[in-house]
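Asks: Sequential numbering from -13 applies to the sequence shown in the numbering used here. Every residue gets a Cβ at the ideal spot worked out from N, C-alpha and C, and that includes glycine. Just so we're clear, the structure is a prediction, and the values are computed from it rather than from any experiment.
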Amino acid sequence: MIGERVAGRFVIEARLGSGGMGWVWRGRDCKLDRVVALKQVRADIGRLPELKARAVREARALARIDHPGIVRVHDVIDAPDGPWIVMDHVQGTVLGTLIERAPLSEPAVVRIGAQALDALAAAHAEGVLHRDVKPDNILITASSSVVLVDFGIATIEGHDRITVLGHVVGTPDFIAPERIRGEPVGPAADLWSLGATLYTALEGHPPFHKSTEEATRFAILTAPPAPMTRAVRLKPTLNRLLAKSPANRMTADELARHLEEAAGGGPAARPRRPPPD
């Protein structure tokens, strides 16, 4: 793929990553002479109308949102082997990589949580659910800005729910209980996943992780989170975010207040859009 052109305009330079929906490449826009990210939807998905529709919906959903904490979409290319999505190329370190090095401090987790929440709130205001909030879908830039990426299984509230071959799509450790139960989901599901992500960043491991995916899902549905040993100010906040019932979780506004209090009473840092390459 390296060196190939997409739509005669974008030259593929390097592979950045992969996920359930396809691959992400760094490319160069030869027309505007700038670096972009190109999301290539897997051929087996791109040829299926239902799953192709999901990829296009991702692009449309993101294009509706103008927020520094959400990667911008510039174009959708309808290629014979499936759609390509052209996005900003944002340089940063994946939160999951930082956690692998060492658990983060509570102040750092509070800052990341506040910025990620702000981005999710912007998406939710447009009726867009991320549905796969997890450490590997959060980028931390050199300026410590937080950017949510990979809305690959995002849905727009009010549209039909899409799964792959009847299975729930998402990463087991970070799937909200209501999604596992097959119930309708709303913004509270993203907040649960954010809570699981912040717990993981602080404690160094997911709150319900077991040796198998099935056991992990069962724990999410029935067990309390593993005891927290590092959380101090965030402990009650995380416990409420990880409630089994969406009705028992704090709202986004409540979470924003809790994070501000955990930060020491000062306003949480507002996200800034990172400069594109």
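State buried or exposed for residue -13, treating a residue as buried only when at least 16 other CB atoms are found within 10 Å of its CB.
Replies: Within the sequence shown, the letter at position 1 stands for residue -13. Under this definition residue -13 is an exposed residue.
Asks: Would you call the segment -12 to 7 and the segment 63 to 82 touching, i.e. three or more CB-CB distances under 8 Å?
Replies: Touching, yes.
Asks: Over the uninterrupted alpha helix (DSSP H) stretch that includes residue 98, give me the two end residues.
Replies: To locate residue 98, count along the sequence shown from 1; it is residue 112. Here the alpha helix (DSSP H) through residue 98 covers 92 to 111.
Asks: For residue 239, count neighbouring C-beta atoms within 10 Å of its own C-beta (all shown protein chains included) and say buried if the count is 16 or more, exposed if not.
Replies: Position 253 of the sequence shown, counted from the first residue, corresponds to residue 239. Exposed, since its Cβ has fewer than 16 Cβ neighbours within 10 Å.
Asks: Between the Cα of residue 25 and those of 13, 16 and 9, spot the shortest distance and give me the residue it belongs to.
Replies: Here residue 25 is taken as the residue at index 39 of the sequence shown, counted from 1. Cα-wise, what sits closest to residue 25 is 9.
Asks: Could you check where the beta strand (DSSP E) with residue 268 kicks off and where it finishes?
Replies: Nothing can be reported for residue 268: it is not among the residues displayed for the chain, which extend from -13 to 263.
Asks: How is residue 206 classed by DSSP in three states: helix, strand or coil?
Replies: Residue mapping note: residue 206 aligns to position 220 of the sequence shown, counting from 1. The DSSP-derived three-state label of residue 206 is helix.
Asks: Would you check if the segment 68 to 79 and the segment 176 to 188 touch, i.e. whether three or more CB-CB distances between them fall below 8 Å?
Replies: Three or more beta-carbon pairs separated by less than 8 Å are not found between the segment 176 to 188 and the segment 68 to 79, which leaves the two stretches without contact.
Asks: Take residue 52 as the anchor and find which of 134, 195, 228 and 215 has the nearest alpha-carbon.
Replies: The sequence position of residue 52 within the sequence shown is 66, counting from 1. Considering only alpha carbons, the answer is 134.
Asks: Which residue's Cα is closest to the Cα of residue 199: 159, 213 and 174?
Replies: Taking the first residue of the sequence shown as 1, we reach residue 199 at position 213. The shortest Cα separation from residue 199 among 159, 213 and 174 belongs to 159.
Asks: Do you know how far the Cα of residue 55 is from the Cα of residue 105?
Replies: As a first step, residue 105 must be located in the sequence shown, where it is residue number 119. As a first step, residue 55 must be located in the sequence shown, where it is residue number 69. Rounded to the nearest angstrom, the two C-alpha atoms are 5 Å apart.
Asks: Counting along the chain, where does the alpha helix (DSSP H) carrying residue 18 start and finish?
Replies: Walking along the sequence shown from the start, residue 18 turns up at place 32. Unbroken run through residue 18: none, as it is neither H nor E.
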